[in-house]
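Mapping of the sequence shown onto full-length UniProt numbering: residues 1 to 376, in sequence order.
Each remark here refers to the structure printed beneath this line.
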Amino acid sequence: MDWIAVFNFLLIAGAIQGFVFNLGTFLIRRRIETPVLFLNLFVFFLSLNNLQSWIIEKGFVPNTFFWANFQIPWNVLIVPMFYAFLVHYLSQQMERSVFWKQSASIFLALLIARITLVLAAGEGSVSVEILEHYTNLEDGIALVYSIFLFGRAWHLLKVYPILKRHVLQGDNLRWVFRLMKLGALVILLWLFAVIMNSFSESFRPPYTYYPLRISSSLLIYWVGYQAFFQYVLLQDRLALRKRLREKPAISIAHAVSSNERSEAGHEEFLELDAHVRRNQRFLDPVLSQDRLAEELGMGTSTLSRLVNRFSGKNFSDYINSYRVAYARELLGNPEFVRYTITSIGLESGFNSKSTFYTAFRKFLGQTPSAYRGKTG
1 MDWIAVFNFL LIAGAIQGFV FNLGTFLIRR RIETPVLFLN LFVFFLSLNN
51 LQSWIIEKGF VPNTFFWANF QIPWNVLIVP MFYAFLVHYL SQQMERSVFW
101 KQSASIFLAL LIARITLVLA AGEGSVSVEI LEHYTNLEDG IALVYSIFLF
151 GRAWHLLKVY PILKRHVLQG DNLRWVFRLM KLGALVILLW LFAVIMNSFS
201 ESFRPPYTYY PLRISSSLLI YWVGYQAFFQ YVLLQDRLAL RKRLREKPAI
251 SIAHAVSSNE RSEAGHEEFL ELDAHVRRNQ RFLDPVLSQD RLAEELGMGT
301 STLSRLVNRF SGKNFSDYIN SYRVAYAREL LGNPEFVRYT ITSIGLESGF
351 NSKSTFYTAF RKFLGQTPSA YRGKTG
């Protein structure tokens with residue numbers, strides 16, 4: 001198998017995929033929000049960097065000294081665009097500067113330095129060896145700056161639970177952490193390439209960049225659609241939550257089993273059940289037996305026994321039954337038809353689309369999509 005051909009195919013396929021994502025986003029969105037813009041710039045610069053590598057690898061450049069040694073440092077702008085996306089996605093006002101001046105200054109400085117050195121080397125004013133050393137230096141500067149911003153992104157995610165004010169309290173950031181782990185792998189491969197280029201005599205470009213380029217191509221496939229979907233979902237949830245605040249509280253029937261109303265502990269369960277319904281505790285995606293028991297001033301085992309006895313369900317099913325009932329009310333209401341099923345499920349207290357669909361089918365015998373189709 002020609003591995004170089006496979007590498008080149010993945011490289012150009014990833015670049016084209018990125019450009020298609022950019023085009024599709026601008027065609028389907030009537031308004032381009034700031035986070036979507038930065039996400040597209042992240043994918044765009046990553047795609048440009050891969051396209052440039054593919055053009056050089058395939059030899060599709062003019063046969064002159066200048067073009068053979070000229071490269072635009074697109075890699076300097078990739079991580080800053082992701083960092084800007086993350087800042088605006090999390091709505092962190094204090095970070096809104098997103099290092100624009102620093103990023104632009106480094107990019108322009110490296111670009112001017114590259115042009116100057118290539119012209120000087122072409123005229124014989126400096127040696128080609130100096131130009132090669134500069135290439136390694138340029139790559140190292142871009143890497144160090146990217147690691148710096150990547151570290152700030154990690155810090156922002158770590159302090160996010162403390163700082164969050166504008167984003168949903170129950171927002172799921174697991175996809176961001178998965179992306180950060182994938183990004184860390186890409187940066188490690190980049191670091192490996194820089195070290196090999198600087199100190200190895202046997203392992204030289206372009207081979208040192210193969211693992212990096214392949215991983216970055218995969219990153220384009222994953223991050224574009226995942227991040228875009230998550231942002232659209234977040235905006236839908238924000239709009240839905242605002243709409244719910246403007247509406248009267250949705251009434252949910254209590255879950256007491258009629259066969260056990262006269263037994264000891266019945267009144268305690270009624271208080272428990274009223275607390276859950278009145279305060280809509282089932283909308284909390286991280287609600288646990290321990291937390292609810294603490295709120296009610298009773299032991300966890302007592303709470304579990306009361307729920308099992310008087311609702312006829314275990315704690316998880318008891319809470320999920322309220323969540324399903326809440327979601328059913330929203331799905332059957334024409335006023336909420338513009339909101340996605342996933343956003344309704346998450347706003348009903350479920351922590352993922354899969355758990356929502358599983359619980360909905362368990363209690364109602366059909367999927368949320370089928371239910372909305374019948375009632376819509």
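Here a beta-carbon is modelled for each residue, glycine too, at the ideal position from N, C-alpha and C.
{"Item": "Inter-residue CB distance, Lys313 and Ser321 (contact presumed, cutoff 8 Å)", "Value": "7 Å"}
{"Item": "Simplified DSSP assignment, three categories, for Pro73", "Value": "coil"}
{"Item": "C-alpha gap between Leu156 and Val232, whole angstroms", "Value": "21 Å"}
{"Item": "With 16 other Cβ atoms within 10 Å as the buried cut-off, status of Ser47", "Value": "buried"}
{"Item": "Closest by C-alpha distance to Leu219, when choosing among Lys181, Asn69, Gly122 and Lys58", "Value": "Lys181"}
{"Item": "Helix, strand or coil at Val61 [DSSP, three-state]", "Value": "coil"}
{"Item": "Whole-Å CB distance - Pro73 paired with Glu138, under 8 Å assumed", "Value": "6 Å"}
{"Item": "Closest Cα partner of Ala370 within the set Glu335, Ser343, Asn351 and Arg328", "Value": "Arg328"}
{"Item": "With 16 other Cβ atoms within 10 Å as the buried cut-off, status of residue 451", "Value": "The displayed coordinates of the chain run from 1 to 376. Any statement about residue 451 would go beyond what the structure contains."}
{"Item": "Cα-Cα separation between Leu292 and Asn279, rounded to whole angstroms", "Value": "11 Å"}
{"Item": "Nearest residue (CA-CA) to Leu296, options Arg309, Tyr318, Phe310 and Asp273", "Value": "Asp273"}
{"Item": "Which listed residue (Arg213, Leu173 and Glu201) has its alpha carbon closest to that of Leu188", "Value": "Arg213"}
{"Item": "Reduced DSSP secondary structure (H/G/I, E/B, other) of Pro205", "Value": "coil"}
{"Item": "Cut-off 7 Å between Cβ atoms - residues of its own chain near Phe26, not counting five sequence neighbours on either side", "Value": "Ile32"}
{"Item": "Of the listed residues Lys242, Trp54, Arg245 and Ser311, nearest to Glu271 (C-alpha basis)", "Value": "Ser311"}
{"Item": "Simplified DSSP state of Ile4, which is helix, strand or coil", "Value": "helix"}
{"Item": "Cβ contact check for the stretch 14 to 24 and the stretch 60 to 71: 3 or more pairs under 8 Å", "Value": "no"}
{"Item": "Other residues of its chain near Asn50: CB distance less than 8 Å, five sequence neighbours each side excluded", "Value": "Leu11, Ile12, Gly14, Ala15, Gly18, Arg213, Ser216, Ser217 and Ile220"}
{"Item": "Simplified DSSP assignment, three categories, for Ala264", "Value": "coil"}
{"Item": "Assumed close pair Val324, Leu364 - CB separation to whole angstroms, cut-off 8 Å", "Value": "7 Å"}
{"Item": "CB-CB length for Val118 against Asn69, believed under 8 Å", "Value": "5 Å"}
{"Item": "Tyr339 in three-state terms, based on DSSP", "Value": "coil"}
{"Item": "Phe85 beta carbon less than 8 Å from that of Leu39", "Value": "yes"}
{"Item": "Among Phe65, Thr300, Phe228 and Ile141, nearest to Leu77 - alpha-carbon criterion", "Value": "Ile141"}
{"Item": "Between the CA atoms of Ile115 and Ala239 - distance to the nearest angstrom", "Value": "49 Å"}
{"Item": "Nearest-angstrom Cβ-Cβ length linking Met81 and Leu41, presumed shorter than 8 Å", "Value": "4 Å"}
{"Item": "Cβ-Cβ separation, Val43 to Asn136 (assumed contact under 8 Å), whole Å", "Value": "Rounded, the Cβ-Cβ distance is 27 Å, inconsistent with contact."}
{"Item": "C-alpha gap between residue 377 and Leu330, whole angstroms", "Value": "Absent from the model: residue 377. The displayed extent of the chain is 1 to 376, so no value can be given."}
{"Item": "When Pro334, Lys101, His275 and Arg361 are compared against Asp317, the one with the closest alpha-carbon", "Value": "Arg361"}
{"Item": "Supposed close pair Phe7, Tyr210 - CB separation, criterion 8 Å", "Value": "5 Å"}
{"Item": "Given Val307 as reference, the closest of Phe192, Glu268 and Ser53 once Cα atoms are compared", "Value": "Glu268"}
{"Item": "Proximity of Tyr326 and Ser348 at Cβ, strictly below 8 Å", "Value": "yes"}
{"Item": "Residue span of the alpha helix (DSSP H) that contains Gln102, given as start and end", "Value": "Trp100 to Glu123"}
{"Item": "Pairwise C-alpha distance: Tyr207 and Glu123", "Value": "29 Å"}
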